[in-house]
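Undergrad: The opening residue of the sequence shown carries number 9 in the numbering used here; numbering runs sequentially from there. Even glycine gets a Cβ: it sits at the ideal position worked out from N, Cα and C. Because the structure is a prediction, the values reported are computed rather than measured.
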Amino acid sequence: MYLEAMRARWGRWLGLWTLLGLVSSAQLYFADLRFSPSPYTFWGALRQNLPDWYLWGLLSLVVAWLARRFRIDRAEFGRHFFLHLGASLHLALLHLVLAVGVQDVFHALAGEPYPFAQKLVDNFTTFYHWNVLIYWAILAVVHARDYHRDLQDHRLHAAQLEARLAEARLKALALQLQPHFLFNTLNAVAELMHEDLTAAERMLGGLSELLRSTLDTAGTQEIPLERELQLVDRYLDIERTRFPDRLDVWLDIAPDTRPALVPAMILLPLVENAIRHGVAGRGRGKGEKTKGRVGVTARRTGGTLRLEVWDHGAGPVGAAPSGPGAGGGRGGIGLANTRARLEQLYGAAHRFELEPGAPAGFVVRLSFPYRDAATA
């Protein structure tokens, strides 16, 4: 791979200087054909010009080294500018001497006379200033390429830093969510221990299984909806132990949504919030426990996955949301965390809505791009 890259790089280098030599030779040939009484043949024009550009190709390596070793920038502009000025004057002269020497060899091999000193003087008066300009042109190209490469590297580095920062924020949000969820469940267990010790023990066992399952998702930002629903089901088992005759769960999951990728533990805090307000927070009528309903809905609409978590709690109809990511006093870590994670993962491509339900309760609606776990 490295050798192929090197061959390609040197091939481009040789092609560039060959192209410049061919263009210059063609220009000399046609101009001499029109204005000179003894014009060059095309081969003669090639022999005259192509070696000059190949020599500049070799000298360009020196110019590139000088450009990178002594870059003309704001910090060292004065000193490096005059260093390159001196280098351009010397390399322009060196090119003339080498070019005349190459032509001398060619003419010697062909058995033709070649006045070396006279040609050197003629070429100096005709081409020296062009050689100086060629040096600065090469220097400008090298600087432009290096600045472009630095800009690309800077953008890549900035993008990598931004991605790492986003990942760190997501991990921090996930770490914040897990103890919040755990403490809420443990508080529920503590309350139940005074009423039904056997049920409290079953809740602890279910919580242990749930925590073991959530640990399997540690470090994973997105999991299939099917797996998220398994976590929700484990949590609902715990809550059914807590509210054996007061919890009614309604799951309406479209089959084509189950392979979709969703943020890990995106539904758990929403379901927990719905149960806390829609079941645990319900009053009792005529001395009997009143049943509360909690539902989860998943639908796919084109390239968008839509999730809803709702409850028929005691929230008043038409109650307006209050606070960031909350409504009717339903703020807190769970909803705020959900909103922040969606923002980090999907940016403007997501929606987060919290609305009063009918006839009571609240509905949380999430939507974000649909991505199949098998092909993502």
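(1) Have a look at residue 204 and residue 260 and give me their C-alpha separation to the nearest angstrom.
(2) Examine the Cβ distances between the stretch 357-369 and the stretch 304-311 and report whether three or more of them are shorter than 8 Å.
(3) Please classify residue 300: does DSSP put it in a helix, a strand, or coil?
(4) Excluding five sequence neighbours on each side, which residues of the same chain lie with their C-beta closer than 6 Å to the C-beta of residue 381?
(5) One question on the structure: do residue 31 and residue 147 come within less than 7 Å of each other, judged by their Cβ atoms?
(6) Our contact map puts residue 77 next to residue 151 with C-beta atoms below 8 Å; I'd like the distance itself, whole angstroms only.
(7) Would you kindly report the start and end of the unbroken beta strand (DSSP E) that includes residue 375?
(8) To the nearest angstrom, how far is the alpha carbon of residue 97 from that of residue 123?
(9) Go ahead and pull the three-state DSSP assignment for residue 55.
(10) Which runs of the alpha helix (DSSP H) fall wholly inside the stretch 20-84 and span at least 4 residues, in chain order?
(11) Which class does residue 336 belong to by DSSP, given the choice of helix, strand or coil?
(12) Under 7 Å between the Cβ atoms of residue 242 and residue 280?
(13) When you compare the CB of residue 168 with every CB in chain B, is at least one pair closer than 7 Å?
(14) Per DSSP, what kind of secondary structure is residue 263 in: helix, strand or coil?
(15) If I'm right that residue 219 touches residue 276 with Cβ under 8 Å, what's the distance once you round it to whole angstroms?
(16) What is the DSSP secondary structure of residue 278, reduced to helix, strand or coil?
(17) With contact counted as at least three CB pairs below 8 Å, one residue from each stretch, are the stretch 205-215 and the stretch 344-360 in contact?
(18) What are the start and end residues of the beta strand (DSSP E) that includes residue 319?
(19) Quick check on residue 135: does DSSP put it in helix, strand or coil?
(20) Return helix, strand or coil for residue 94, following the three-state DSSP convention.
(21) From the DSSP output, read off the bridge partner residues of residue 306.
(22) Can you tell which of 272, 374, 354 has the C-alpha that lies nearest to the C-alpha of residue 308?
(23) Less than 7 Å separating the beta-carbons of residue 250 and residue 200?
(24) Closer than 6 Å to a non-hydrogen atom of the ligand GDP - does that hold for the CB of residue 17?
(25) What number of angstroms, rounded off, separates the C-alpha of residue 129 from the C-alpha of residue 111?
(26) Run through DSSP, which three-state label would residue 268 get?
(27) Look up residue 89 in the DSSP assignment and say whether it is helix, strand or coil.
(28) Measuring only the C-alpha atoms, how far is residue 215 from residue 163?
TA: Based on what the coordinates show:
(1) In a straight line, the C-alpha of residue 204 is about 32 Å away from that of residue 260.
(2) Flag = no, the stretch 357-369 and the stretch 304-311 do not touch.
(3) Looking at residue 300 - three-state DSSP - the assignment turns out to be strand.
(4) Within the same chain, 232, 267, 269 come within 6 Å of residue 381 by CB-CB distance, once the 5 residues on both sides are set aside.
(5) Not closer than 7 Å, so no.
(6) About 12 Å; that fails the 8 Å criterion.
(7) Counted as a single uninterrupted DSSP element, the beta strand (DSSP E) harbouring residue 375 occupies residues 370-377.
(8) Each residue's alpha carbon lies about 24 Å from the other.
(9) Of the three classes helix, strand and coil, the one that applies to residue 55 here is helix, per DSSP.
(10) Listed in chain order, they are 50-77.
(11) Because the pLDDT at residue 336 is just 42, under 50, the model does not fix this residue reliably, and the point stays unresolved.
(12) Against a cut-off of 7 Å, the Cβ pair of residue 280 and residue 242 comes out as no contact.
(13) In the displayed structure, chain B is absent; only one protein chain is listed.
(14) Assignment of residue 263 by DSSP, reduced to helix, strand and coil, places it in the helix class.
(15) About 11 Å separates the Cβ atoms of residue 219 and residue 276, ruling out a contact at the 8 Å cut-off.
(16) DSSP places residue 278 in helix when its eight states are reduced to three.
(17) A contact between stretches requires three or more CB pairs, one per stretch, nearer than 8 Å, and the stretch 205-215 fails this requirement with the stretch 344-360.
(18) DSSP places residue 319 in the uninterrupted beta strand (DSSP E) bounded by 312-319.
(19) Note: residue 135 maps to helix in three-state DSSP.
(20) Collapsing the DSSP output to three states places residue 94 in a helix.
(21) The partner list for residue 306 (beta bridge, DSSP) reads 261, 315.
(22) Out of 272, 374, 354, 374 has the C-alpha closest to the C-alpha of residue 308.
(23) Yes, these two residues count as a Cβ contact at 7 Å.
(24) As for the ligand GDP, it is missing from this structure, which has no ligand bound.
(25) Going by the C-alpha atoms only, they are around 14 Å apart.
(26) Strand.
(27) Correct three-state label for residue 89: helix.
(28) Going by the C-alpha atoms only, they are around 46 Å apart.
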